[in-house]
Every structure is written in structure tokens, then in C-alpha cells.
Amino acid sequence: AFAIKRGLSSSASATPRMLNGHTLAPTANHSGNAGMKILAVLYKGGEAAKQEPRLLGTVENQLGIRSWLESQGHEYIVTDDKEGPNSVFQQHIKDAEVLITTPFHPGYLTRELAKNLKVCVTAGVGSDHIDLDAAVERDIQVLEVTGSNVTSVAEHVMMNILLLVRNFVPAHEMIERGEWRVSDIARNAFDLEGKVIGTLGAGRIGRLVLERLRPFNPKELLYYDYNPLPADAVAKLGARRVEDLKDFVSQCDIITVNAPLHEGTKGLINADLLKHFKKGAYLVNTARGAICNTEDVAAALKSGQLNGYAGDVWNVQPAPKNHPWRYMKNPLGGGNGMTPHYSGTTLDAQARYAAGTKQILENYFQGKAQEPANIIVGVGKYESKSYGQR
Ligand code: NAD
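Terminal number for the sequence shown in my numbering: 512, no gaps in between.
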């Protein structure tokens with residue numbers, strides 16, 4: 123309610139543009155408009171965001187850019203209300219020039235809604251919540267703060283792999299219950315050393331994960347990606363590329379998913395592919411929930427085909443209370459390392475993606491070129507090679 127109120131009151135005072143009682147001079151910007159409407163869809167931070175100002179990616183703290191935007195005569199609407207035609211998002215998207223969204227609470231930009239926009243900025247990494255083909259057709263640029271949270275995610279992947287392989291979650295839950303039965307935990311606890319570990323997607327995050335895995339002395343590191351790793355990375359990491367997906371999954375004890383969600387990865391990990399996994403393999407997915415089929419993963423964990431599944435991304439966010447991934451377990455009652463979507467929104471990451479969002483906006487206002495790595499869709503074409511082979 124806080125965000126909605128602020129958003130709408132800011133909207134109501136749009137013309138002439140005033141700040142602290144002074145009329146603002148028109149500001150030149152890329153669109154040629156004196157001031158533009160900038161709409162941001164962020165997650166609600168509640169009490170935590172009031173107490174912790176470094177929670178920049180929240181509706182309360184607004185990426186820390188409100189006064190900067192308003193001082194230049196722009197209108198800034200911030201909301202977490204994003205579902206349905208009467209939502210603040212869908213009402214304001216009609217005449218917004220810039221949309222800022224965060225993957226942690228995605229405002230889905232469909233073809234129908236993408237009418238008057240010029241720029242979409244993802245405060246974070248991963249722009250699958252935007253209809254990218256529609257953006258190409260309508261000359262809407264899609265920009266993200268590439269690299270802003272890749273270390274944060276790679277660290278989370280390492281934690282997820284370790285907590286599954288070492289059977290950590292049931293061990294901790296046992297302690298909280300006041301019990302102590304070592305064998306009940308140890309019967310399904312292993313070392314990471316000596317395992318075959320593969321990443322599906324070997325871009326920025328996949329590569330950082332491989333780098334972090336190397337000191338654990340795996341038997342082998344594998345990757346599956348249509349974009350091969352550069353020769354220096356292969357030499358440094360000793361990772362072997364496997365070109366056939368079924369062949370790749372059948373060799374891995376542990377698989378980590380680090381590819382974007384697009385038409386080529388949606389539902390890629392389904393019952394048919396899971397049959398080709400090694401019996402009792404572990405799967406970690408911090409990329410996007412919809413890359414895995416929800417029911418098929420839950421069934422594979424229940425049957426023991428997977429010994430563990432962990433990650434922070436869900437096919438629907440926020441995940442409903444009855445989502446099977448909240449409660450699924452392996453036959454021994456463990457193997458679930460799911461959390462809410464937060465791996466890429468540590469306080470360190472928030473500082474980086476808030477600063478990166480501001481820089482992207484500044485470039486846009488001043489008509490300056492954007493950092494090439496940040497351009498997912500440029501005017502009229504895909505610039506990123508990560509959203510499928512085109
Ligand atoms: P990146 O663009 O650097 O790398 C992605 C890699 O995936 C590329 O090398 C690409 O070729 C590969 N790829 C694409 N389609 C593939 C397919 N069908 N099979 C195999 N490989 C494929 O991106 P990144 O920075 O490493 O991020 C990867 C993804 O991680 C993001 O798109 C986002 O969805 C997700 N992510 C999640 C969080 C989080 O908080 N959980 C944070 C950041 C990013």
C-alpha cells in the first residue's frame with residue numbers, strides 16, 4: 123500500500139513538474155520528452171526494509187533513485203502490485219517510457235502490455251519476464267545489470283551442492299527437534315571430492331561455479347552449452363564439453379543449471395530427461411524454476427531417481443503455499459534445499475544492481491551508448507547470444 127500510495131500521488135502531481143515548491147526545468151533525454159514516466163516493479167520489504175536501508179531492491183527503498191529521478195523532472199512510480207489489469211503495474215505501463223523490473227518479483231511484460239515502452243531495465247540478471255521477441259519487434263531495448271549478482275549466485279550454488287551432498291538440512295532439523303541419531307544422517311551423506319559435476323549453461327555464473335568447484339578435487343567437471351567456453355577457461359578449469367544433453371546428464375553425479383529461461387530451456391528438465399540422469403543424482407537450479415518441470419522433479423525426488431533438489435527459483439513467484447517443491451522429499455525424508463528467490467539479492471548484490479540500474483538510466487537520459495554486455499535486446503534485434511541460438 124505504501125508503494126501504491128507514493129506511486130499514485132507522484133503521478134497526480136505530474137504537470138507542471140514541481141519539486142519542493144519549485145517548477146523544474148525540462149530535462150533533455152533520449153526520448154526528447156521533458157520528463158518521462160519510469161515504472162518500477164520491486165518486491166515488498168516490509169519492516170526489514172525500513173530497518174535495513176541497504177535493502178535497495180524493495181518498494182520501500184526504491185533502488186535509492188527517487189530523489190535523483192525527481193530532481194530531473196521524471197515521474198517515478200514504484201509498486202509491487204503487478205497482477206491483473208487493475209494492478210498498478212498494468213495501469214501505469216500504458217504510458218510509461220521506462221520499466222524497471224526485478225527477477226525476484228517479476229512484473230511480466232507481455233506483447234499486449236508492451237505498447238508505449240522504450241526501455242526495460244532488469245535490476246539484476248535474467249530478463250525472461252520480458253517478452254523478448256515482442257521487444258525486438260517493437261524496438262524496445264532490454265537492458266540488464268550483467269554480472270551484478272553472478273558471484274552471489276555462484277556462492278549459493280556451492281552452498282546448495284554441499285548441503286545436498288552432505289545431507290545438511292535433515293541433520294540440522296534433527297538438532298532443532300532435540301534428537302541425535304548420527305547414522306540416520308550419515309547413511310545418505312557423501313563427499314564432494316571424486317564426483318562428476320556438470321553445469322548446464324557455462325556463461326558467467328556457470329564458469330564461476332566451475333572455478334569454485336575445482337579446489338574440491340572432483341573426478342571430472344563437465345559442461346553443456348551451445349556457446350563453448352573460451353580456450354583459456356578450458357585450460358584453467360579442465361572442464362570437458364558434452365554436446366548431447368542426454369549423454370551429459372547420464373555422466374553427472376551433480377548437475378547445476380545456469381542457463382537463462384527461453385523457449386529452448388523451458389521445461390527442458392522433464393520426466394523424459396530425468397530418466398537419463400544417474401540414479402540418485404543431485405540437481406541444483408538457481409537459474410529459473412520453469413527450466414524444470416515442477417511435477418516431474420517432485421516425482422523424481424520422491425522415487426529416489428534424484429537424491430536431492432535445491433535452488434531458489436520457482437515457476438511461480440511468490441510460490442503458492444501448496445507448491446510441491448516446498449514439501450517434496452527423497453525416500454529417506456531429505457534432499458530438499460529450496461529457499462525463496464534470494465541468491466542474487468544479497469546486500470552486496472543489491473548495491474551493485476542498484477548502482478548499475480542508475481548508470482543504465484543515466485546513459486539513456488544522456489543518449490550515451492550502453493555497456494555492450496548489458497544489452498539483451500538492442501533496438502530491433504537480440505544482442506545477447508544467451509537466449510537461444512538464433
Ligand atoms: P550468461 O548469459 O552469462 O550465461 C548463460 C549461458 O547459458 C550462456 O553461455 C548460454 O549460451 C547458455 N545457454 C543458453 N541456452 C542454453 C541451453 N539451451 N543449453 C545450454 N546452455 C544454454 O548468464 P549468467 O549471468 O550466467 O546467468 C544465467 C542465468 O542465471 C540468468 O539468465 C538468470 O536466469 C539466472 N540468474 C539467477 C539469479 C538468482 O538470483 N537466482 C541471479 C542471476 C541470474
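For every residue, glycine included, the Cβ atom is placed at its ideal position computed from N, Cα and C.
Just so we're clear, the structure is a prediction, and the values are computed from it rather than from any experiment.
Scanning the stretch 338-424 from its first residue to its last, the whole beta strand (DSSP E) runs of 3-plus residues come out as 342-346, 361-363, 376-379 and 403-407. DSSP, reduced to helix, strand and coil, places methionine 450 outside both helices and strands of the structure shown, so it counts as coil. Leaving aside the five residues that flank leucine 177 on each side, the residues in its chain whose CB is nearer than 8 Å to its CB run, in chain order, Gly167, Ala170, Ala171, Asn183, Leu469 and Gln472.
The alpha helix (DSSP H) runs lying completely inside the stretch 277-314 and spanning 4 residues or more are 290-298 and 304-308, given in chain order. Approximately 4 Å separates the beta-carbon atoms of asparagine 282 and valine 406; this is inside 8 Å, confirming the contact. Not one heavy atom of the ligand NAD sits closer than 7 Å to the Cβ of leucine 164.
The alpha-carbon separation between valine 243 and glutamate 277 amounts to approximately 25 Å.
Taking 8 Å as the upper bound for CB-CB distance, leucine 322 and isoleucine 377 are in contact here, some 6 Å apart. DSSP places isoleucine 327 in the uninterrupted alpha helix (DSSP H) bounded by 326-335. Taking all protein chains shown into account, aspartate 203 has 16 or more neighbouring C-beta atoms within 10 Å of its C-beta and is therefore buried.
For serine 270, the closest C-alpha among the options Thr479, Leu332, Pro340 and Gly489 is that of Thr479. Distances from the CA of glycine 411 to each of Lys424, Pro494, Pro446 and His196 were compared; the closest alpha carbon is that of Pro446. Shortest Cα-Cα distance from valine 247 to any of Pro228, Asp255 and Asn238 involves Pro228.
A distance of 8 Å or more separates the beta carbons of isoleucine 498 and leucine 330. Between alanine 409 and valine 371, the CB-CB gap reaches or exceeds 8 Å. With a threshold of 7 Å, the Cβ atom of tyrosine 449 does not count as near the ligand NAD, since no heavy atom of the ligand is closer than that. Around isoleucine 252, the same chain offers Leu231, Cys242 and Val264 as residues with beta carbons nearer than 7 Å, after the five sequence neighbours per side are excluded. The distance from the Cβ of arginine 336 to that of leucine 351 is about 13 Å, inconsistent with a contact at the 8 Å cut-off. Between the beta-carbon of leucine 239 and that of isoleucine 262 there is about 5 Å, and that keeps the pair under the 8 Å contact cut.
The three-state secondary structure of threonine 244, taken from DSSP, is strand.
Per the DSSP secondary-structure output, tyrosine 431 pairs in a beta bridge with Leu405 and Asn458. When Ala218, Glu266 and Val419 are compared, the shortest CA-CA separation from serine 508 is found for Glu266.
Where glycine 168 is concerned, the enclosing alpha helix (DSSP H) starts and stops at 168-173. At a Cβ-Cβ threshold of 8 Å, leucine 423 and asparagine 452 count as neighbours. Given a length threshold of 4 residues, each whole run of the alpha helix (DSSP H) inside the stretch 459-490 is given here in chain order: 469-488. Note on lysine 443: under 16 other CB atoms within 10 angstroms of its CB, so exposed under the neighbour-count rule. Counting only residues of its own chain and dropping the five nearest sequence neighbours on each side, arginine 303 has a CB closer than 7 Å to the CB of Met296. Here the distance from the Cβ of leucine 322 to the nearest heavy atom of the ligand NAD is below 7 Å.
Contact holds between the stretch 393-403 and the stretch 426-438, because three or more Cβ pairs, one in each stretch, are under 8 Å apart.
Counting every other CB atom within 10 Å of its CB across the protein chains shown gives glycine 489 a total below 16, marking it as exposed.
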